[in-house]
Amino acid sequence: MNSTRLWRTLVATAALHMITAGVVAAQTVLVRHATAGETVEVLLNSTSIASGEVGSDGAARVTFALPADALESGMDARISVDNCAKIRRVHVVERSRVAPPVQDGCNRHEINGLYLIRRESTLVVSVAGAIPTLLLVKGNFSLKPPSPAPPAPKGLVIYGGGGFARFSDEIANACGTVADCGGNDVVGIYTGGASLWITKWLALDGSYLRPSKGTADGTGLNYEFDSEVDAHVITAGGKIGVPFSRLRIYANGGGNFHRATTTTVQTISGASQTIEVKTDGFGWQFGGGIEVWASRSFALYAEANRVFLKGKPVDGTEGDFKDGLSLAVIGARIRLF
Numbered sequence: 032m033n034s035t036r037l038w039r040t041l042v043a044t045a046a047l048h049m050i051t052a053g054v055v056a057a058q059t060v061l062v063r064h065a066t067a068g069e070t071v072e073v074l075l076n077s078t079s080i081a082s083g084e085v086g087s088d089g090a091a092r093v094t095f096a097l098p099a100d101a102l103e104s105g106m107d108a109r110i111s112v113d114n115c116a117k118i119r120r121v122h123v124v125e126r127s128r129v130a131p132p133v134q135d136g137c138n139r140h141e142i143n144g145l146y147l148i149r150r151e152s153t154l155v156v157s158v159a160g161a162i163p164t165l166l167l168v169k170g171n172f173s174l175k176p177p178s179p180a181p182p183a184p185k186g187l188v189i190y191g192g193g194g195f196a197r198f199s200d201e202i203a204n205a206c207g208t209v210a211d212c213g214g215n216d217v218v219g220i221y222t223g224g225a226s227l228w229i230t231k232w233l234a235l236d237g238s239y240l241r242p243s244k245g246t247a248d249g250t251g252l253n254y255e256f257d258s259e260v261d262a263h264v265i266t267a268g269g270k271i272g273v274p275f276s277r278l279r280i281y282a283n284g285g286g287n288f289h290r291a292t293t294t295t296v297q298t299i300s301g302a303s304q305t306i307e308v309k310t311d312g313f314g315w316q317f318g319g320g321i322e323v324w325a326s327r328s329f330a331l332y333a334e335a336n337r338v339f340l341k342g343k344p345v346d347g348t349e350g351d352f353k354d355g356l357s358l359a360v361i362g363a364r365i366r367l368f
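To convert, note that position 100 of the sequence shown is 131 in the numbering used here; the numbers rise steadily by one, no gaps.
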């Protein structure tokens with residue numbers, strides 16, 4: 032039983048040692064703008080601890096380990112670079128110690144400052160100029176330049192979103208002169224559509240708007256009523272945009288066609304009557320928005336519009352429809368091609 036426990040303890044200790052060793056070796060010296068084929072040597076407190084060869088890209092990446100007593104708190108160090116024939120030595124010297132003498136045929140440049148080296152530090156040393164420079168980075172450092180931001184694209188883009196809208200005259204149209212009357216003219220709305228960007232600043236656009244029902248209700252002498260408007264709107268027009276890298280600010284405008292059903296339930300002295308008027312017609316709208324492209328095929332957008340609706344009853348009866356929608360939506364866009 033005791034031997035089994037001892038064996039487990041030894042295995043756990045060995046595993047912990049291996050894990051710790053992997054963490055310790057996380058310090059890296061990355062030398063840039065050197066000559067291909069040169070050797071980069073790293074010295075810690077006068078002791079050569081690691082070396083590597085400069086590749087065709089002019090860079091060499093060399094890993095090393097901090098002293099055991101510096102693992103937790105790190106080590107304050109001075110950094111200097113020796114330039115020799117086909118070799119560059121990077122000295123990492125604790126502040127309480129002195130760097131070794133310069134070897135014959137070499138010249139040394141000390142990088143000003145005192146640097147806190149931790150177990151996850153990367154020392155990026157550039158030797159492009161006569162005097163080397165140092166960039167101390169936490170974690171890895173990539174030599175690849177950052178990818179440029181995807182520009183606001185041309186092509187066919189579909190989109191969808193949702194938000195809020197307000198009927199401008201729904202309550203006023205329903206209430207008329209009734210004093211005790213009110214309602215809810217702020218509703219939810221969703222939209223979907225497509226834009227064909229002919230250039231990065233000009234597009235054709237078509238969309239579908241579907242607001243929730245606006246409602247109104249009123250009470251008078253011996254009567255009461257409830258009214259609601261159920262509308263569908265199709266828009267067609269254009270957009271003019273100004274792209275700024277992945278961002279595009281745009282204005283839009285055009286015409287629309289709506290179909291709406293206004294339903295009013297009147298109750299007079301206990302008797303109810305339902306009046307339903309269906310209208311359709313053409314109007315116009317304008318607005319603007321902003322879109323941000325996360326990639327060449329996906330974007331988020333926010334938009335505000337003012338939509339004017341005007342129509343006549345489809346059955347030729349009286350009861351023209353005239354209202355407006357002020358709306359704000361957010362959503363997503365997908366570029367198809």
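Idealized CB from N, CA, C, for every residue including glycine.
Predicted model, so just to flag it, every value in this text is computed and none were measured.
**Prompt:** Quick one: what's got a C-beta closer than 6 Å to Thr246's C-beta in the same chain, skipping five residues either side?
**Reply:** Answer for Thr246: Gly214, Asn215 and Glu259, listed in chain order.
**Enclosing beta strand (DSSP E) for Ala203 [first to last residue]** = Where Ala203 is concerned, there is no enclosing beta strand (DSSP E), although the alpha helix (DSSP H) it sits in stretches over Glu201 to Cys206.
**Item:** Collapsed DSSP secondary structure at Ala401 in the structure displayed
**Value:** Residue 401 cannot be examined here, being either before or after the span of the chain that is shown, 32 to 368.
**Prompt:** Would DSSP call Pro242 helix, strand or coil?
**Reply:** In the structure shown, Pro242 sits in a strand (DSSP, three-state: E or B).
**Item:** Residue closest to Asp346, alpha-carbon to alpha-carbon, out of Leu331, Ala91 and Thr292
**Value:** Out of Leu331, Ala91 and Thr292, the CA that lies nearest to the CA of Asp346 is found in Thr292.
**Item:** Validate contact between the stretch 224-234 and the stretch 184-200 using beta carbons, cut 8 Å, 3 pairs
**Value:** Yes: at least three Cβ pairs fall under 8 Å.
**Message:** What does the Cβ neighbour count give for Gly334, buried or exposed, with the cut at 16 atoms within 10 Å?
**Reply:** Inspection of the sequence shows that residue 334 is occupied by Glu rather than by Gly. It is buried - the Cβ of Glu334 has at least 16 other Cβ atoms within 10 Å.
**Prompt:** Considering only residues of the stretch 215-277, which uninterrupted beta strand (DSSP E) runs meet the minimum length of 3 residues and lie entirely inside it, listed in chain order?
**Reply:** Here the runs fully enclosed are 217-228, 233-242, 245-251 and 254-275.
**Prompt:** Taking just the CA atoms, how far does Glu255 sit from Ser300?
**Reply:** The C-alpha of Ser300 lies about 9 Å from the C-alpha of Glu255.
**Asked** So does the stretch 71-91 actually touch the stretch 192-199, counting three or more Cβ pairs closer than 8 Å?
**Response** No, because fewer than three Cβ pairs between the stretch 71-91 and the stretch 192-199 fall closer than 8 Å, the two stretches do not touch.
**Asked** What are the residues that DSSP puts in a beta bridge with Asn143?
**Response** According to DSSP, which records beta bridges pairwise, Asn143 is partnered with nothing at all.
**Request:** Measure how close the beta-carbons of Gly249 and Val209 come, nearest whole angstrom, since I'm counting them as under 8 Å.
**Result:** Indeed they touch by this definition, with Cβ atoms about 4 Å apart.
**Request:** May I have the straight-line CA-CA distance separating Ala205 from Leu358, to the nearest angstrom?
**Result:** If I take the Cα positions, the gap works out to 21 Å.
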